[in-house]
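Asker: Shown below is the structure under consideration.
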Amino acid sequence: MSTQDRIRETVTGNPIVLYMKGTPQFPQCGFSAKAVQILKACGASNLVTVDVLADPDIRQGIKEYANWPTIPQLYIGGEFVGGSDIMTEMYQSGELQQQIEALK
Amino acid sequence: MQTSDKMRELLQTLQPQSIEIIDDSALHAGHAGAREGGHYRLTIVSAQFEGRKTMERHRMVYAALASLMQSGIHALNISAKTPAES
Chain A
1 MSTQDRIRET VTGNPIVLYM KGTPQFPQCG FSAKAVQILK ACGASNLVTV
51 DVLADPDIRQ GIKEYANWPT IPQLYIGGEF VGGSDIMTEM YQSGELQQQI
101 EALK
Chain B
1 MQTSDKMREL LQTLQPQSIE IIDDSALHAG HAGAREGGHY RLTIVSAQFE
51 GRKTMERHRM VYAALASLMQ SGIHALNISA KTPAES
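Quick note, the sequences are listed as chains A and B, same order. The numbering of the first sequence is my numbering, which starts it at 1 and goes up by one. The numbering of the second sequence is my numbering, which starts it at 1 and goes up by one.
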C-alpha cells in the first residue's frame with residue numbers, strides 16, 4: 001500500500017486523527033503539545049495520534065496529502081482541519097468543540 | 001541575507017499592508033528541529049485575505065514561502081489578517 005493510501009485509510013477510518021511529533025504523553029514539539037492540549041480540553045475521547053517522527057515516509061507523505069507543509073495536522077471525519085494556529089482559533093471560537101461534540 | 005529578510009521579500013507577492021516577523025529561534029536552540037531552520041512568528045496584513053478562511057490564508061502564506069519551508073523555516077506561527085481586522 002502506498003503512503004498516500006495508508007494516510008487515507010487512517011484519516012477516513014477514524015473520527016479524529018492528529019499527526020504529530022511524538023506522543024500525547026511525550027510530545028516532541030511545542031506545537032504538537034499544544035494541539036494535544038486543545039483536543040483534550042475539547043473532550044476528544046476517541047483521538048488517534050500518529051507520531052510522524054517514527055516513520056519518515058509518513059512525515060513527508062502527510063505534507064503532500066493535505067498540501068500543508070507543517071505538523072501537527074488535525075483530521076476530523078476524514079477532512080483536514082488545520083494546524084495548531086487554526087486549532088487554537090477554532091477552539092477560542094468554540095467551533096472545534098462543536099465539531100468534536102458532533103461526532104459523539 | 002537573514003531568513004526573516006527573505007521571508008519579507010517572498011511575502012511581497014501578497015501585497016501586504018504590513019508584515020511583522022518575530023524570530024523565536026533562540027528560544028528553541030538545542031531542540032532537534034532547530035537544526036532544520038528557525039522558529040518564526042508572522043503577523044501579516046493584506047487585502048488579499050479578504051473573503052478567505054483562515055486555512056486559505058495560511059495556504060497563501062505557505063505558498064509564498066514555499067522555498068523556505070523546505071529549509072530555513074522549521075516552525076511558523078501565522079496570524080493573517082485583512083486591513084479591516086487589524
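Even for Gly, the Cβ is constructed at its ideal location relative to N, Cα and C.
1) Whose C-beta lies closer than 6 Å to the C-beta of I86 of chain A among residues of the same chain, with five residues either side of it excluded?
2) Within the same chain, show all residues whose beta-carbon is closer than 8 Å to that of Q17 of chain B, passing over the 5 residues directly before and after it, in chain order.
3) Quick one: which chain A residues come within Cβ less than 8 Å of I78 of chain B?
4) Which bits of chain A does T54 of chain B rub up against, with CB to CB less than 8 Å?
5) For T23 of chain A, decide whether its Cβ has a neighbour in chain B, counting only Cβ atoms nearer than 8 Å.
6) Is A75 of chain B close to chain A? Criterion is C-beta to C-beta, closer than 8 Å.
7) Measure the alpha-carbon distance for K6 of chain B versus R8 of chain A and round it to whole angstroms.
8) Once the 5 residues before and after P24 of chain A are set aside, which same chain residues still bring their CB inside 7 Å of it?
Answerer: In terms of the structure at hand:
1) Sequence-distant partners of I86 of chain A (beyond 5 residues in either direction) whose C-beta falls short of 6 Å from its own C-beta are missing from its chain.
2) Scanning its chain for C-beta atoms nearer than 8 Å, with the 5 sequence neighbours on each side dropped, one finds around Q17 of chain B the residues V45, S46, A47, P83 and S86, in chain order.
3) Within chain A, the residues near I78 of chain B are D85.
4) Neighbours of T54 of chain B in chain A, taken as residues at a C-beta separation under 8 Å, are given in chain order as G82, D85, I86 and E89.
5) Chain B, which has no Cβ nearer than 8 Å to the Cβ of T23 of chain A, makes this no.
6) At least one chain A Cβ lies under 8 Å of A75 of chain B.
7) Computed Cα separation, rounded: 35 Å.
8) V36 and T49, listed in sequence order.
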